[in-house]
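Visitor: Shown below is the structure under consideration.
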């Protein structure tokens, strides 16, 4: 199990101490996400995927996932809540790549956002929440808050939601919506490296759905140094840390030194 602060340290030290390029961690994230997404699409009515991407590295994970799903033949559209010109680092790199590939990228702004998302998600198959990550501490407002409300409204048996790392708006330490605001109600969550403390809270599955732990390729020694072992037998919740136990993936996936928006 990794707290908000421990997650940040794992990401930072994987880069600084071990020299793992942060974009490798992001690429590994997309690989783990792709596997879960394809499982969810296996029984879907179509191969349409709408990836809702936030302004930080969580959005970058969504861009990379979009590339992988496009390569498998999925019909992918990306809806970005951030100004395309404002993306930096690995997220900007992956945004440039998917644009070069011809993957449709549309903007989401508060006035027109709901209509954009509803149109992009039709016909429904899979909605991906790549809006916000573990840095959220306060209630989410603005266009991202609007996007969260839209995802929850559009979610249905025919349009399940897959959350990237954790449902956007959820406080990863408490397992409740940050600041008493709203959080995405996901059908499944692929969380990176290890469970987050809030996932063990009774009732947290209202937001997380079924949780899968996927590694980001961070050195096992680092994860053991900063993580905390837990045992949890709740149905649908993968216990363990990177490379260990439960349904945790043996191969990479991840984030990186993430900002508050991630």
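In our numbering, the protein residues as written are 2 to 263.
C-beta atoms are modelled at their ideal positions from N, C-alpha and C, and glycine is treated no differently.
Computed from a predicted structure; not experimentally measured.
Under the three-state reduction of DSSP, which class applies to residue 229: helix, strand or coil?
Guide: Taking the first residue of the chain shown as position 1, residue 229 is located at position 228. Coil.
Visitor: Would you please state the rounded distance, in angstroms, between the beta carbons of residue 166 and residue 59? I believe it to be under 8 angstroms.
Guide: Within the chain shown, residue 166 is the residue found at index 165, counting from 1. Within the chain shown, residue 59 is the residue found at index 58, counting from 1. Their Cβ separation, rounded to whole angstroms, is 6 angstroms, which keeps residue 166 and residue 59 in contact under 8 angstroms.
Visitor: Do the stretch 9-19 and the stretch 214-229 touch if we need at least three Cβ pairs shorter than 8 angstroms?
Guide: The answer is yes - the stretch 214-229 touches the stretch 9-19, with three or more Cβ pairs under 8 angstroms.
Visitor: Going by DSSP, which residues form a beta bridge with residue 157?
Guide: Working through the chain shown from its first residue, we reach residue 157 at position 156. Per DSSP, 160.
Visitor: Could you give the residue range of the alpha helix (DSSP H) that holds residue 60?
Guide: Residue numbering aside, residue 60 sits at position 59 when the chain shown is read from its first letter. It spans 58-72 - the alpha helix (DSSP H) in which residue 60 sits, taken as one unbroken run.
Visitor: Indicate whether residue 140 and residue 176 have their beta-carbon atoms separated by less than 8 angstroms.
Guide: The residue labelled residue 140 in the question sits at position 139 within the chain shown. The residue labelled residue 176 in the question sits at position 175 within the chain shown. No. Outside cutoff.
Visitor: If you drop the 5 nearest sequence neighbours on each side, which residues of the same chain put their C-beta closer than 6 angstroms to that of residue 5?
Guide: Locating residue 5 in the chain shown gives position 4, counting from the first residue. Within the same chain, residue 5 has close Cβ partners 135, 173 and 174.
Visitor: Mark residue 29 as exposed unless 16 or more other C-beta atoms lie within 10 angstroms of its C-beta, in which case mark it buried.
Guide: As a first step, residue 29 must be located in the chain shown, where it is residue number 28. Classification of residue 29: buried, given that the 10 Å Cβ count is 16 or more.
Visitor: Does the stretch 77-97 come close enough to the stretch 50-66 that 3 or more CB-CB pairs lie under 8 angstroms?
Guide: The answer is yes - the stretch 77-97 touches the stretch 50-66, with three or more Cβ pairs under 8 angstroms.
Visitor: Kindly give me the distance between the Cβ atoms of residue 118 and residue 73, rounded to whole angstroms, as I take these residues to be in contact under 8 angstroms.
Guide: Along the chain shown, read from residue 1 onward, the residue named residue 118 stands at position 117. Along the chain shown, read from residue 1 onward, the residue named residue 73 stands at position 72. At roughly 23 angstroms, the Cβ-Cβ gap does not stay under 8 angstroms, so residue 118 and residue 73 are not in contact.
Visitor: Go ahead and pull the three-state DSSP assignment for residue 2.
Guide: Within the chain shown, numbered from 1, the residue matching residue 2 stands at position 1. It is coil, neither helix nor strand.
Visitor: Spatial neighbours of residue 184 within its chain, please: C-beta separation below 6 angstroms, excluding the five flanking residues on both sides.
Guide: For the purposes of this step, residue 184 is taken as the residue at position 183 of the chain shown. Result list for residue 184: 168, 170, 171, 178 and 208, in chain order.
Visitor: I need the straight-line Cα distance from residue 65 to residue 98, nearest angstrom please.
Guide: Translated into the one-based positions of the chain shown, residue 65 becomes position 64. Translated into the one-based positions of the chain shown, residue 98 becomes position 97. If I take the Cα positions, the gap works out to 9 angstroms.
Visitor: What distance in whole Å lies between the Cβ atoms of residue 63 and residue 79, which are believed to be in contact at a cut-off of 8 angstroms?
Guide: Walking along the chain shown from the start, residue 79 turns up at place 78. Walking along the chain shown from the start, residue 63 turns up at place 62. The Cβ separation is near 7 angstroms, so the contact holds.
Visitor: Should residue 42 and residue 127 be called a contact, given that it needs their Cβ atoms to be closer than 8 angstroms?
Guide: One-based indexing of the chain shown puts residue 42 at position 41. One-based indexing of the chain shown puts residue 127 at position 126. Yes, these two residues count as a Cβ contact at 8 angstroms.
Visitor: Kindly give me the distance between the Cβ atoms of residue 137 and residue 3, rounded to whole angstroms, as I take these residues to be in contact under 8 angstroms.
Guide: Here the question's residue 137 lines up with position 136 in the chain shown. Here the question's residue 3 lines up with position 2 in the chain shown. Incorrect: roughly 16 angstroms between the Cβ atoms, too far for contact.
Visitor: Which full runs of the alpha helix (DSSP H) of 4+ residues lie inside the stretch 66-118, going along the chain?
Guide: Complete alpha helix (DSSP H) runs here, min 4: 90-101.
Visitor: Go through its chain and collect everything with a Cβ distance to residue 235's Cβ below 6 angstroms, but skip five positions before and after it.
Guide: Here residue 235 refers to the residue found at position 234 when the chain shown is read from its first residue. Any reading at residue 235 is ruled out, since the residue's pLDDT is 46, under 50, leaving its predicted position unreliable.
Visitor: Which residues in the same chain as residue 61 place their Cβ atom closer than 6 angstroms to its Cβ, once the five residues preceding and following it in sequence are excluded?
Guide: Here the question's residue 61 lines up with position 60 in the chain shown. If we look at residue 61 and ignore the five residues flanking it on each side, its Cβ neighbours are 27, 91, 92 and 95.
Visitor: Just the Cα atoms here: how many angstroms apart are residue 196 and residue 104?
Guide: For the purposes of this step, residue 196 is taken as the residue at position 195 of the chain shown. For the purposes of this step, residue 104 is taken as the residue at position 103 of the chain shown. In a straight line, the C-alpha of residue 196 is about 32 angstroms away from that of residue 104.
Visitor: First and last residue of the alpha helix (DSSP H) that includes residue 209?
Guide: Reading the chain shown from its first residue, position 208 is the one you call residue 209. Looking at the DSSP string, the run of the alpha helix (DSSP H) that includes residue 209 is 206-209.
Visitor: Just list the residues that DSSP pairs residue 1 with in beta bridges.
Guide: Any property of residue 1 remains undetermined from this structure, which presents the chain solely from 2 to 263.
Visitor: Let me know the secondary structure DSSP gives residue 198 once reduced to three states.
Guide: By 1-based counting over the chain shown, the position of residue 198 is 197. The answer is helix: DSSP assigns residue 198 an H, G or I state.
Visitor: When we look at the beta-carbon of residue 133 and count the other beta-carbons within 10 Å, is it buried (16 or more) or exposed?
Guide: As a working note, residue 133 is residue 132 in the chain shown. The residue is buried, with at least 16 neighbouring Cβ atoms inside 10 Å.
Visitor: Measuring alpha carbon to alpha carbon, tell me which of 11, 158 and 120 ends up nearest residue 264.
Guide: Not covered by the structure: residue 264. The range shown for the chain is 2 to 263.
Visitor: If distances are taken between C-alpha atoms only, which option among 47, 155 and 147 comes closest to residue 108?
Guide: Indexing the chain shown from 1 puts residue 108 at position 107. Of the listed residues, the one whose Cα sits closest to residue 108 is 147.
Visitor: Could you tell me which of 202, 12, 81 and 36 sits nearest to residue 213, measuring between CA atoms?
Guide: Locating residue 213 in the chain shown gives position 212, counting from the first residue. The option with the nearest alpha carbon to residue 213 is 36.
Visitor: In terms of residues, what are the limits of the alpha helix (DSSP H) holding residue 219?
Guide: Translated into positions along the chain shown, residue 219 becomes position 218. From DSSP, residue 219 is part of no alpha helix (DSSP H); its letter is neither H nor E.
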